[in-house]
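**Student:** In order, the protein sequence lines correspond to chains A and B. Here this note's numbering is used: the first residue of the first sequence is 71, the next is one more, and so on. Here this note's numbering is used: the first residue of the second sequence is 612, the next is one more, and so on. By construction, the Cβ of each residue, glycine as well, lies at the ideal position given by its N, Cα and C atoms. Note that the structure is predicted; figures quoted are calculated from it, not measured. The structure is given below, and queries will be raised subsequently.
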Amino acid sequence: GAGVSQSPRYKVAKRGQDVALRCDPISGHVSLFWYQQALGQGPEFLTYFQNEAQLDKSGLPSDRFFAERPEGSVSTLKIQRTQQEDSAVYLCASSLVGGGLINQPQHFGDGTRLSIL
Amino acid sequence: AQTVTQSQPEMSVQEAETVTLSCTYDTSESDYYLFWYKQPPSRQMILVIRQEAYKQQNATENRFSVNFQKAAKSFSLKISDSQLGDAAMYFCAQHMDSNYQLIWGAGTKLIIKP
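Shown next as structure tokens:
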């Protein structure tokens, strides 16, 4: 597609349920990033993939959060046993080259708004 | 730890006027990059402008320009001839050459008065 696509756009889940959020990066983009954006805040880094390799997961808030990108394209962010504090917008971004190089800007999707009841 | 601070939660400006959004940051690194992103209600982050720290010349993109003061660790965004479509949240972000992470400010909500 022309841009980064995220689905679903909205997700409502009950506390304790597992959720899976999908990100389709721009075709051919090597780098993929996940961010968590709480209401009224700036995004916070969660994890980074270069192709299928997860090179940095230091931002994942707990072991309930898991991300994968098995074939180096589509990525899934999974949250197990959701808690109310997981409610946020989850943003995905991709960039053309690896290494997080800045001369290639990050292109963002529209995000998934996750609400935990 | 690196931090990015946007001290203005909200700014308003009359259409066609000029507005400046403030951003300060804190880093011990010498090589880094600074960005301004725009986030309209659609939630998609859109890159507005970027600045490499090693460049002394301030970046400019059409109506958008920055005032980069490296010694003061300040990176403000000036929007000239404000348009209704400029209304959005504006985020300042910093990227270090040494890792993959973007460090973000809390954002400034820009309101354009017609």
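Could you list the residues in the segment 124–145 of chain A with a C-beta less than 9 Å from some C-beta on chain B, going in chain order?
**Tutor:** If the cut-off is 9 Å between Cβ atoms, the segment 124–145 of chain A has LEU125, ASP126, SER128, GLY129 near chain B.
**Student:** When you compare each of LEU130/A, GLY112/A, TRP104/A to PHE119/A by their alpha carbons, which one comes out closest?
**Tutor:** Locating residue 119/A in the first sequence gives position 49, where the first residue counts as 1. Cα-wise, what sits closest to PHE119/A is TRP104/A.
**Student:** Which residues share a DSSP beta bridge with TYR105/A?
**Tutor:** Looking up residue 105/A in the first sequence gives position 35. The partner list for TYR105/A (beta bridge, DSSP) reads PHE115/A, LEU161/A.
**Student:** Starting from PRO175/A, find everything on chain B with Cβ-Cβ shorter than 9 Å and list it in chain order.
**Tutor:** As a working note, residue 175/A is residue 105 in the first sequence. Residues of chain B passing the Cβ test: PHE646, LEU658, ARG661.
**Student:** Work out the CA separation of GLN176/A and VAL659/B for me, nearest whole Å.
**Tutor:** Within the second sequence, residue 659/B is the residue found at index 48, counting from 1. Within the first sequence, residue 176/A is the residue found at index 106, counting from 1. In a straight line, the C-alpha of VAL659/B is about 12 Å away from that of GLN176/A.
**Student:** With a cut-off of 8 Å, does the C-beta of PRO95/A fall near any C-beta of chain B?
**Tutor:** Counting from one through the first sequence, the residue named residue 95/A turns up at place 25. Cβ-Cβ to chain B under 8 Å: no for PRO95/A.
**Student:** Compute the Euclidean distance between the alpha carbons of ASP133/A and LEU713/B, then round it to the nearest angstrom.
**Tutor:** For this step, residue 133/A is matched to residue 63 along the first sequence. For this step, residue 713/B is matched to residue 102 along the second sequence. Their Cα atoms are separated by approximately 22 Å.
**Student:** Cβ atoms of LEU645/B and GLN694/B: under 8 Å apart, would you say?
**Tutor:** Residue mapping note: residue 694/B aligns to position 83 of the second sequence, counting from 1. Residue mapping note: residue 645/B aligns to position 34 of the second sequence, counting from 1. The answer is no: Cβ separation not under 8 Å.
**Student:** Is ASP692/B buried or exposed, if buried means 16 or more other CB atoms sit within 10 Å of its CB?
**Tutor:** Sequence index remark: in the second sequence, residue 692/B carries index 81 (1-based). So ASP692/B counts as exposed.
**Student:** Is the CB of ASP156/A under 8 Å away from at least one CB in chain B?
**Tutor:** Residue numbering aside, residue 156/A sits at position 86 when the first sequence is read from its first letter. False, the Cβ-Cβ gap to chain B never drops below 8 Å.
**Student:** Check ASP697/B in the structure and name its three-state DSSP category.
**Tutor:** Reading the second sequence from its first residue, position 86 is the one you call residue 697/B. Helix, per DSSP.
**Student:** When burial is assigned at 16 or more other CB atoms within 10 Å of the CB, is PRO95/A buried or exposed?
**Tutor:** On the first sequence, position 25 is the one that residue 95/A refers to. Buried.
**Student:** Can you give me the start and stop residues for the beta strand (DSSP E) that GLU138/A sits inside?
**Tutor:** As a working note, residue 138/A is residue 68 in the first sequence. Run containing GLU138/A: 135–138, per the beta strand (DSSP E) assignment.
**Student:** Given that a residue counts as buried once 16 or more other Cβ atoms are within 10 Å of its Cβ, and exposed if not, what is PRO651/B?
**Tutor:** Position 40 of the second sequence holds residue 651/B. Burial call: exposed.
**Student:** Give me the chain B residues within the contact set of LEU161/A, using Cβ-Cβ distance strictly less than 7 Å, ordered along the chain.
**Tutor:** One-based indexing of the first sequence puts residue 161/A at position 91. Near LEU161/A (Cβ distances below 7 Å), the residues of chain B are MET656.
**Student:** Just to make sure I have the definition right: I need the residues of chain B whose C-beta is within less than 8 Å of the C-beta of TYR80/A. Which are they?
**Tutor:** Within the first sequence, the letter at position 10 stands for residue 80/A. Within 8 Å Cβ-Cβ: nothing; TYR80/A doesn't reach chain B, min ~11 Å.
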